[in-house]
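Here is the structure we will look at, set down as structure tokens.
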Amino acid sequence: MMTKQCPDVHAWKLDKKYRSGSGWQRLRLAVETLATQGISVRQEAIDWMADDLGISPGGGALKNFWRELPETGLVHVEAMPLIGPSKITLIRLTNFGRDLAWTLGINVVESEWDTLRRLHDGDAQTRHTACVLMAAYQARRSWYSVDVLPKTPIGEPDLKIYGDAAPSLFVEVELGHGKAEKWRHQYKLQGRAALIALTAARRAGLMRECQELGLAGCATDIETLCQGGLAFWAEVWG
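Mapping the sequence shown onto the working numbering, position 190 (from 1) lands on 1175, and the numbers just tick up by one.
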């Protein structure tokens, strides 16, 4: 049962607006969403809360809540570069936020952002981190399930994308070029290359790399995914 107010409000030192009523309801729901889902794109967290509350994710009150949430000390927020000057806002629980979740009896899983920070030099490769997390978000919007940094016998793919009506694919989020070894590893692993580039132009170049190696595959890119569309994979060949 959801508590109607923050337990031991003085110990947690939360602003009065978060201690009871709708303010506490939203705060608890935000902590629970981040703790249990492991998601790290702030817009995805907003989408989750809007769905739970039965309201529009574009509402001003909801956006203001998430914009002000870092003031509680429960979350850390950071804007990371995506394409050109555009940025993506990432969010994760702080130690304080995780402590509140545990106090509320909420199981805490590692966030996708923290996984990248721990295993993939995520703090140094900020654009790559942003693109991996955006790709994961967009895949879930297309009703796929996603694992970040899945374990495989060969290679080190960034994502595993899978669904009820689709085969599992180990996917590289690739911002560079000249990655023949990666594509060969993917072929050995699953019989095709699967890649996500930064832009449509870079996607075309990476597709040519794969095709010149004689590899079948599928590809999309962050630019196209952010524009929306009917299919997650923009190109499938072979």
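Backbone N, C-alpha and C fix where the C-beta goes; we use that ideal spot for every residue, glycine too.
Residue i: first and last residue of the uninterrupted alpha helix (DSSP H) it sits in
i	result
S1005	Careful: S1005 lies outside any alpha helix (DSSP H) and carries neither H nor E.
G1202	Not the alpha helix (DSSP H): G1202 falls in the beta strand (DSSP E), residues G1202 to D1206.
V1117	T1111 to R1126
K1173	A1165 to Q1175
E1053	G1045 to E1053
Three-state class that DSSP yields for residue i in the structure shown
i	result
H1105	coil
G1039	coil
G1148	strand
D1132	strand
H1061	strand
M986	The predicted model places M986 with a pLDDT of 44, which falls under 50 and marks its position as unreliable; any figure quoted below should be read in that light. Here M986 sits in coil by DSSP.
Cβ neighbours of residue i in the same chain (closer than 7 Å, five flanking residues each side left out)
i	result
V1026	I1073, L1075, L1118, M1119 and Y1122
G1190	H1162
L1014	M1034 and D1037
W1087	V1093
W1168	A1178, E1194, C1195, L1198 and L1200
G1008	K1002
L1124	Before going on, a small fix: residue 1124 reads as Ala here, not Leu. Cβ neighbours of A1124 beyond the five flanking positions: V1131, I1146 and F1217.
M1042	Checking the sequence, you will find Pro at residue 1042 rather than Met. Here the set comprises I1031, D1032 and A1035.
Residue i: first and last residue of the uninterrupted beta strand (DSSP E) it sits in
i	result
R1077	K1072 to L1078
W1218	Per DSSP, W1218 belongs to no beta strand (DSSP E) and is neither H nor E.
L1089	Looking at the DSSP string, L1089 is not in any beta strand (DSSP E), and its letter there is neither H nor E.
Residues of its chain near residue i, where Cβ-Cβ distance is below 8 Å and the 5 sequence neighbours each way are ignored
i	result
T1079	G1058, L1059, V1060 and H1061
G1148	W1128, Y1129 and S1130
L1160	R1112, H1113, C1116, A1182, L1183 and R1187
D1106	none
Per DSSP, the bridge partner or partners of residue i
i	result
P1066	K1072
I1139	I1139 is not bridged to any residue.
V1158	I1181
V1026	L1075
Straight-line gap, residue i to residue j (C-alpha atoms, nearest Å)
i	j	result
L1200	E1166	12 Å
A1204	G1223	12 Å
W1098	K1048	21 Å
A1020	V1156	25 Å
T1100	L1134	8 Å
G1214	L1154	20 Å
Q1028	G1006	24 Å
I1207	V1158	9 Å
L1210	G1045	25 Å
L1174	K1164	16 Å
G1031	Q1171	One point to set straight first is that residue 1031 is Ile, not Gly, in the sequence displayed. Computed Cα separation, rounded: 34 Å.
R1011	L1067	29 Å
P1138	G1176	14 Å
R1052	R1102	23 Å
Sequence-distant residues of its chain with Cβ nearer than 6 Å to residue i (five each side left out)
i	result
V1221	C1203
E1017	I1091
A1185	D1206, E1208 and T1209
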